[in-house]
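Colleague: I'd like to ask you about the structure that follows.
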Amino acid sequence: MEKQSTVLVGVTGCIAAYKSCEIVRGLQKRGCRVKVVMTEHATHFVDPLTFRSLTHEPVAVGLFDDPSDPIHHISLAEEADVFLIAPCTANVAAKMACGIADDLLTTTALACTAPLVVAPAMNVHMYEAEATQRNLRTLKARGARIVEAGSGYLACGDVGRGRLADVDAIVEAALEALEGARRADLAGLSVLVTAGPTEEPVDPVRFLTNRSSGKMGYAVAAAALARGAQVTLVSGPVALEPPAGADVVRVRTACEMLEAARPAFADADIVVFTAAVADLRPAHPADRKLKKGADDALLARIELVSNPDILATLAQERRAGQTVVGFAAETENAVENARVKLETKGADLIVANEVGEGRAFGTDDNQAVLVSRDGERALPLMPKRQLADAILDRALELRAAH
Ligand code: CTP
Numbered sequence: 000m001e002k003q004s005t006v007l008v009g010v011t012g013c014i015a016a017y018k019s020c021e022i023v024r025g026l027q028k029r030g031c032r033v034k035v036v037m038t039e040h041a042t043h044f045v046d047p048l049t050f051r052s053l054t055h056e057p058v059a060v061g062l063f064d065d066p067s068d069p070i071h072h073i074s075l076a077e078e079a080d081v082f083l084i085a086p087c088t089a090n091v092a093a094k095m096a097c098g099i100a101d102d103l104l105t106t107t108a109l110a111c112t113a114p115l116v117v118a119p120a121m122n123v124h125m126y127e128a129e130a131t132q133r134n135l136r137t138l139k140a141r142g143a144r145i146v147e148a149g150s151g152y153l154a155c156g157d158v159g160r161g162r163l164a165d166v167d168a169i170v171e172a173a174l175e176a177l178e179g180a181r182r183a184d185l186a187g188l189s190v191l192v193t194a195g196p197t198e199e200p201v202d203p204v205r206f207l208t209n210r211s212s213g214k215m216g217y218a219v220a221a222a223a224l225a226r227g228a229q230v231t232l233v234s235g236p237v238a239l240e241p242p243a244g245a246d247v248v249r250v251r252t253a254c255e256m257l258e259a260a261r262p263a264f265a266d267a268d269i270v271v272f273t274a275a276v277a278d279l280r281p282a283h284p285a286d287r288k289l290k291k292g293a294d295d296a297l298l299a300r301i302e303l304v305s306n307p308d309i310l311a312t313l314a315q316e317r318r319a320g321q322t323v324v325g326f327a328a329e330t331e332n333a334v335e336n337a338r339v340k341l342e343t344k345g346a347d348l349i350v351a352n353e354v355g356e357g358r359a360f361g362t363d364d365n366q367a368v369l370v371s372r373d374g375e376r377a378l379p380l381m382p383k384r385q386l387a388d389a390i391l392d393r394a395l396e397l398r399a400a401h
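Given below as structure tokens:
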């Protein structure tokens with residue numbers, strides 16, 4: 000039987016510490032063994048007994064708490080498959096960014112080589128302070144996953160960013176980190192993903208767009224992160240939370256998407272173009288709202304021009320060693336069209352899927368055929384996240400074959 004993974008949950012002194020109880024339960028429900036380490040301040044918000052009762056494990060607070068284990072921070076650090084600090088105060092993030100180790104939690108963090116997941120929670124001004132943002136960036140640059148704080152009503156009475164992210168998102172980020180540690184086959188590689196639809200303005204309130212939800216692209220980004228890649232996600236407007244740890248560039252139009260993707264493309268090893276880019280855009284978007292009646296003639300004849308093909312344009316700029324993956328969403332003859340797109344767009348792999356009748360758009364499942372020059376593989380209907388892994392598996396195979 001596979002060894003049960005251990006998530007070490009660090010709880011710091013913040014009112015959101017009460018949510019750590021839910022996080023511990025969430026991780027346990029997903030099959031993890033959980034151990035808890037708390038700062039002294041955290042024990043003012045939640046009694047260690049609560050965590051002890053939830054985990055059936057001793058709860059560590061002081062550096063010298065366990066007389067039977069004089070180097071407790073080392074044993075805790077070694078036991079952890081993932082170290083999740085949730086909530087993480089501004090102070091603890093700052094200490095970790097500087098390598099300060101002045102209590103059990105921060106000493107364990109410094110000694111721990113397991114993936115680090117940090118879910119900050121604090122007052123909006125503390126969160127937005129330059130120092131805090133820089134500290135979080137430092138941790139992220141060292142490979143920590145930052146589960147960004149959300150916006151809303153904060154315990155201090157202020158409204159703004161700083162609220163601990165949703166419990167489910169934090170549990171998911173810890174599980175992703177665990178999965179990645181188990182399977183780090185994309186470590187050291189950069190992956191660029193384009194995702195979602197584009198919006199092409201007609202006037203300040205109207206635009207042309209399509210039904211893409213962005214789910215497939217976000218799943219590819221999450222899968223690549225979990226497998227250890229450094230991920231840039233260039234996303235059109237979607238209603239999804241980006242996976243923790245991705246560098247996200249939000250864009251609106253196809254032209255913006257091309258410009259945002261270009262610098263990341265130059266550095267990327269694997270590029271997955273999932274975005275449903277509008278093929279056409281209004282040639283002369285109005286800078287004021289077009290009115291019924293007065294502007295009927297303009298509205299009736301919106302002149303359209305072609306958008307750049309982002310995949311085809313960037314594929315022409317590719318360097319050796321890059322693997323380029325495109326999608327072909329078709330209502331018919333998906334595989335034949337995908338074979339053509341391999342050549343016309345200059346891709347190594349086209350993920351062909353038939354859309355329509357409730358398939359693909361907005362759904363959580365997708366059925367695809369992976370088409371490359373050496374043949375095709377039909378996959379069964381599967382969750383988009385699983386398909387994302389299958390696409391990355393195939394991209395790695397194609398890299399190895401080159
Ligand atoms: N794509 C892109 N930029 C565009 C259009 C498409 O990068 N302007 C990418 C998509 O992200 C996808 C692939 O190209 O990976 C295929 O998209 P699709 O819409 O099928 O391509 P089209 O060339 O628009 O094909 P068709 O008009 O035949 O449907």
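FYI, numbering that gives the first Met the number 0 numbers position 78 of the sequence shown as 77, with every residue one higher than the one before it. Glycine residues also receive a C-beta, built at the ideal position from the N, C-alpha and C atoms. Since the model is a prediction, treat every value here as computed from it, not as a measurement.
Would you kindly check if the distance between the Cβ of D184 and the Cβ of L386 is under 8 Å?
Modeller: Taking 8 Å as the Cβ cut-off, L386 and D184 do not qualify as a contacting pair.
Colleague: Within 10 angstroms of the Cβ of L48, are there 16 or more other Cβ atoms? Answer buried if so, exposed if not.
Modeller: Under this definition L48 is an exposed residue.
Colleague: Quick one, which of I169, D268, A128 and H72 has its alpha-carbon nearest A93's?
Modeller: The shortest C-alpha separation from A93 is found at A128.
Colleague: Which one of P382, G361 and V350 has the shortest CA to CA distance from A367?
Modeller: Ranking the options by Cα distance to A367, first place goes to V350.
Colleague: Can you tell me whether Q229 is buried or exposed? The criterion is at least 16 other CB atoms within 10 Å of its CB, across all chains shown.
Modeller: With 16 or more Cβ atoms within 10 Å of its Cβ, Q229 is classed as buried.
Colleague: Based on the DSSP output, what are the partners of G9 in its beta bridges?
Modeller: DSSP, once it has assigned bridges, lists V36 and I84 as partnering G9.
Colleague: How far does the alpha helix (DSSP H) with V417 in it extend, from its first residue to its last?
Modeller: Nothing about residue 417 can be read from this structure; the chain reaches only from 0 to 401.
Colleague: Going by the DSSP bridge assignment, what does G151 pair with across the sheet?
Modeller: G151 pairs with G159.
Colleague: Thinking F50 and V23 are a contact (beta carbons under 8 Å), I'd like their distance in whole angstroms, please.
Modeller: Confirmed, about 7 Å.
Colleague: Would the C-beta of L7 count as close to the ligand CTP, meaning under 7 Å from any of its heavy atoms?
Modeller: Because no heavy atom of the ligand CTP lies under 7 Å away, the Cβ of L7 does not count as near it: no.
Colleague: Taking all protein chains shown into account, do 16 or more other C-beta atoms lie within 10 angstroms of the C-beta of G216, making it buried, or fewer, making it exposed?
Modeller: Classification for G216: buried.
Colleague: The ligand CTP and A294: does any heavy atom of the ligand fall closer than 7 Å to the residue's C-beta?
Modeller: The identity of residue 294 in the sequence shown is Asp, whereas the question assumes Ala. Not under cutoff, so the answer is no.
Colleague: Taking only three categories from DSSP, how would you classify G244?
Modeller: Correct three-state label for G244: coil.
Colleague: Within 10 Å of its beta-carbon, does Q321 have 16 or more other beta-carbons around it, so buried, or fewer, so exposed?
Modeller: The residue is buried, with at least 16 neighbouring Cβ atoms inside 10 Å.
Colleague: Let me know the alpha helix (DSSP H) ranges lying completely inside the segment 312-372, each 4 residues or longer, listed in chain order.
Modeller: With a minimum length of 4 residues, the continuous alpha helix (DSSP H) runs that stay inside the segment 312-372 are 333-344.
Colleague: Under 6 Å Cβ to Cβ from L104, same chain only, skipping five residues before and after it: list those, please.
Modeller: Only G9, V36 and T38 meet the Cβ criterion.
Colleague: Should V248 and V233 be called a contact, given that it needs their Cβ atoms to be closer than 8 Å?
Modeller: Yes. Within cutoff.
Colleague: P196 bridges to which residues according to DSSP?
Modeller: Beta-bridge pairing links P196 to A275.
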